[in-house]
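Protein chains in written order, with this note's numbering: chain A, 4 to 190; chain B, 4 to 190; chain C, 4 to 190; chain D, 4 to 190; chain E, 4 to 190; chain F, 4 to 190.
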């Protein structure tokens, strides 16, 4: 926490025991406490709302695999050119897929990947929702259903793409810096 | 809940007592249960994460007034042409400000309003963060500080604008329908 | 005429009897003299050319109903975020349709409305003509014909969408203010 | 009138004597009847509203020279890639200026021309009004005033740029064809 | 070479005999030394690399006619609004086709031309490659193959469109001025 | 050369001895023959024109360091989302700078890097030239001169940014695949 993790001077707050324990668990499992968590930690209420949302979305039950959710995260972040999320979630795609090139293609241009029709539909929807949300129509949902997604899956695709449109913008707004450790992970 | 509130067929879920009580409180205070809550209610975990985030963001302590946060919500939703959020939060601006025209200007084009320098800076930042998040630079944060915002306020402006970039996209993705009651409120 | 109706200082001109009579008729029929007419009134020649064009376009014989023409007006103005035209013509859609929600959907995002194939085709064409006129091709006209429009109707759709691309820009250029009365009309 | 002048089949109408006389005068003065007039001629009411507007705008009294108004016409049409208007009004710039290269620069990219500060301001305003009308602010009008334009001139700049945003779209919508004679004029 | 041919002050260089001979041949064949060559001439190595690329691309063996390659050049330059390339290659289209109107349509909006399916496919691909290269997919190549192009032809279409995306940008960056002679050629 | 290196079936060509030697040298120095060279190798004339241009541009004498030229390459490719160039030149930035994070920032969003005023000006110019070449004006060149660049340097910045706007599009058009070796280089 010595280095700058974002551009704002926020009020320092002592961390509750619960948060200290949570961060210790992060370090144990991931080797780091992600800077996004440290960023929110100035206000534990905000931190908890964020982690509750995030953990349900990215780690909870879903018809989408964790890798699929990370692929959506990275594709949205690629369109928005979000340095923080591309770094952190690019690493996650490399790790979960065991395929570093796949991670790079999600970061750079998902259309370069040899995607299954399922993944093509999922990422095309996420890209359109990111770029021109006002133009989503029933035919866009129909394309997901044709690719085999249930309506419950569509909720998850939409929620994930929507969430990273939020995170990308918070990160951009405050110049949030990714932990240096991500860069070398799973190369 | 007889009418369609969005385009997806989601698994019906019985509501817990806590949620039923929460919805009863909504009806009492607002006259309605906002459809966004009913949309999330198929999964109480998601509902709670959403309401925790939302209530802290829009109703919690902040250097921004509730009206200012609603103004950001509507300006972001105007750029994204989000029918749900423009309807619900347009009503909120009319209500909190007692100024129906202000609500309309936020919906239609915030540049038409005679804004204070503080509000101009706040909304210009929110608009840029919505339209081209990749191009936010230190000078954009500096413009907020010059307009009198603290770094803590910048977090709140950023979080609010970012949040509605998420909500707008979830609403667009599933064609979420606003409660009919909003239209006539505070005209 | 006490309040500012636009941002320019234009030479005051005495109104001819004919114009005074016309404005009196407006007040009688609409309850107001629309500020767009007062804006043009500094030069009666310009005023007359404008009203001749407008009245023929929006009120004259056409295969499009008056409501349909107003729907086009609002959809174009929504894309261009024109405060004046959204206010005035949003009111007209509410009034002519007796459906305030329809008016709101035209203002906010016409894709949120449950449109007939005829109206979908008509508004999709108007939106494309507004956003990327250079890309209109024969297939775009063919889509209108398939939706049941005659070539004469296509002229009227095109003329109406084109006209509001003009009006939106004049209003934006001079910050034309809508009459306050519009806001509460037909809610 | 043997060749196709646009893509629509419109009801043929006999021309009134007044219109025949007007077209004869066009032929005499210009050597042609511009196809835009023939296009409108299926309905004399529309034709007259159009010519009244056009003649006042482009030929009437104004603080802008006729050449300046034609420069605006071409710059707007260049952004909108309107074949009809670029052809007809590009010829007008060549003719009125006696400078074929100036005409070409307006068609291709006005920023390539060595413009006076007055013309730069005028065309920058017209370009912004064309590309992003929603973002015009008081500072844009102020830039015109600094370049020496009166408020009355601003009306004319705005009206002219707005008018061609209309004409470009009508021409695009119906694939209006320019008279062949324009191409070789004033080269 | 008395007049300014671009906005930079570059080190003057004596021309080698080979270059002098090449320029003499240009004057003999074209009546001019194109300013793009004079621009590169400050460094003969750069000049030679440019002319080797250019001559192979635009004049070498190809399944595309020289006119077709020039049409691509002009359509790309129209999207990029490149004054230099529109002037020089617009003249080339007029000359090679003997059809001045075709040249004008390529400059102004290729969609206004009555194109063969082959040329429509070729120019649509070139336009998409110019505007949104990241979105090219296999279906775009398939459309070219359906229009009768071989894979070798696709290379040439792609190379030509790509090359002018380079040349347009160099010309824009340094404000490269076209030789005045182009304007009147082949009108 | 067993794996697919792009999407086209091009005529196979025997490689001349000179080319074989050149490729051998590549393997020796870089460990690979870059796929872009293998792509061009179907026609040795095209290959030579490409390598002559490339080697002069990226390796020849210049006021820009090789790293600076690679930074421009990657920033342009990031805007265009070019998988091939981001992979190959992202590796080059990592290698030449010895700073893997710098490479990632150039790939993801150069605005996230703590750039010197020189590099900020250089990359801002390259980004604008990529995104809106038609809007480059004298003030853009002036900003480079203020940052200490000579006119000769401006040529090199412009040429490099322009070149990658070409290469990105050729790579996109034919789905050129980067050598797998790049991914792990200099991490």
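The beta-carbon is built from N, C-alpha and C at its ideal position, and this holds for glycine as well.
Write down the C-beta distance between residue i and residue j rounded to the nearest angstrom, noting that I regard them as a contact closer than 8 Å.
i: residue 156(E); j: residue 67(E); result: 6 Å
i: residue 189(E); j: residue 94(E); result: 6 Å
i: residue 129(C); j: residue 78(C); result: 5 Å
i: residue 86(B); j: residue 108(C); result: 6 Å
i: residue 82(B); j: residue 163(B); result: The pair is not a contact, with the Cβ atoms about 14 Å apart (cut-off 8 Å).
i: residue 52(E); j: residue 59(F); result: 6 Å
i: residue 43(F); j: residue 49(F); result: 5 Å
i: residue 36(B); j: residue 45(B); result: Actually they are not in contact, since the Cβ atoms of residue 36(B) and residue 45(B) sit about 14 Å apart, beyond 8 Å.
i: residue 84(D); j: residue 137(C); result: 4 Å
i: residue 172(E); j: residue 168(F); result: 5 Å
i: residue 80(B); j: residue 89(B); result: 5 Å
i: residue 176(E); j: residue 139(F); result: 6 Å
i: residue 34(E); j: residue 184(E); result: 6 Å
i: residue 74(E); j: residue 122(E); result: 7 Å
Could you list which residues in chain D have their beta carbon closer than 7 Å to that of residue i, in chain order?
i: residue 83(C); result: 136 and 137
i: residue 117(C); result: By Cβ distance, chain D contributes nothing, its closest Cβ being about 26 Å from residue 117(C), past 7 Å.
What residues from chain B crowd round residue i, counting only those whose CB sits closer than 7 Å?
i: residue 71(C); result: Residues of chain B passing the Cβ test: none, with the nearest at roughly 20 Å.
Starting from the beta carbon of residue i, find every residue of chain C whose beta carbon is closer than 8 Å, and list them in chain order.
i: residue 90(B); result: 107 and 111
Which residues in chain C have a C-beta closer than 7 Å to the C-beta of residue i? List them in chain order.
i: residue 121(D); result: Within chain C, no residue comes near residue 121(D); the closest Cβ sits about 17 Å away, beyond 7 Å.
Residues of chain E with CB under 8 Å from residue i, in chain order?
i: residue 104(D); result: 183 and 186
Check the Cβ of residue i against every Cβ in chain B and list those closer than 8 Å, keeping chain order.
i: residue 190(C); result: 186, 187 and 190
Give the interface partners of residue i over in chain A, defined as CB-CB distance under 9 Å, in chain order.
i: residue 57(F); result: Near residue 57(F) there are no residues of chain A at all, since even the closest Cβ is about 21 Å away, more than 9 Å.
i: residue 124(F); result: Ordered by position in chain A, no residue passes the 9 Å Cβ test against residue 124(F), which lies about 20 Å from the chain.
In chain B, which residues lie less than 9 Å from residue i when you measure between Cβ atoms?
i: residue 144(A); result: 10, 11, 176, 177 and 178
Run through chain A and tell me which residues come within less than 7 Å of residue i, C-beta to C-beta.
i: residue 154(B); result: 11, 12 and 13
Whose Cβ in chain D lies nearer than 8 Å to the Cβ of residue i?
i: residue 141(C); result: 10 and 178
i: residue 76(C); result: In chain order: nothing, as chain D lies at least about 13 Å away.
Cβ closer than 7 Å: which chain E residues qualify as neighbours of residue i?
i: residue 132(F); result: 172, 175 and 176
In chain A, which residues lie with their C-beta within 8 Å of the C-beta of residue i?
i: residue 16(B); result: By Cβ distance, chain A contributes nothing, its closest Cβ being about 11 Å from residue 16(B), past 8 Å.
What residues from chain E crowd round residue i, counting only those whose CB sits closer than 9 Å?
i: residue 44(F); result: Simply none; closest approach about 12 Å.
Does residue i have its Cβ less than 8 Å from a Cβ in chain I?
i: residue 95(D); result: Looking for chain I here will not work: the only protein chains present are A, B, C, D, E and F.
In chain order, what residues of the stretch 156–172 of chain B put their CB closer than 7 Å to some CB of chain A? Those residues of the stretch 156–172 of chain B that come within reach of chain A (Cβ to Cβ, closer than 7 Å) are 157, 158, 161, 162, 164, 165, 166, 168, 169, 171 and 172.
Pick out the complete alpha helix (DSSP H) segments inside the stretch 98–143 of chain A, 4 residues or longer, and give them in chain order. Positions of the alpha helix (DSSP H) runs, each at least 4 residues long and wholly inside the stretch 98–143 of chain A, are given as 103–111 and 120–134 in order along the chain.
Using a Cβ-Cβ cut-off of less than 7 Å, list which residues of the stretch 18–42 of chain A approach chain B; keep chain order. For the stretch 18–42 of chain A, the set of positions with a beta-carbon nearer than 7 Å to some beta-carbon of chain B is empty.
Please give the ranges of any alpha helix (DSSP H) in the stretch 22–65 of chain F, keeping only runs that are unbroken, at least 4 residues long and fully inside the region. Within the stretch 22–65 of chain F, the complete alpha helix (DSSP H) segments of 4 residues or longer fall at 38–43 and 47–62, listed in chain order.
Report the residue ranges of all beta strand (DSSP E) runs contained in full by the stretch 157–183 of chain A; include only those spanning at least 3 residues, in chain order. If we require 3 residues or more, the stretch 157–183 of chain A turns out to have no beta strand (DSSP E) run fully inside it.
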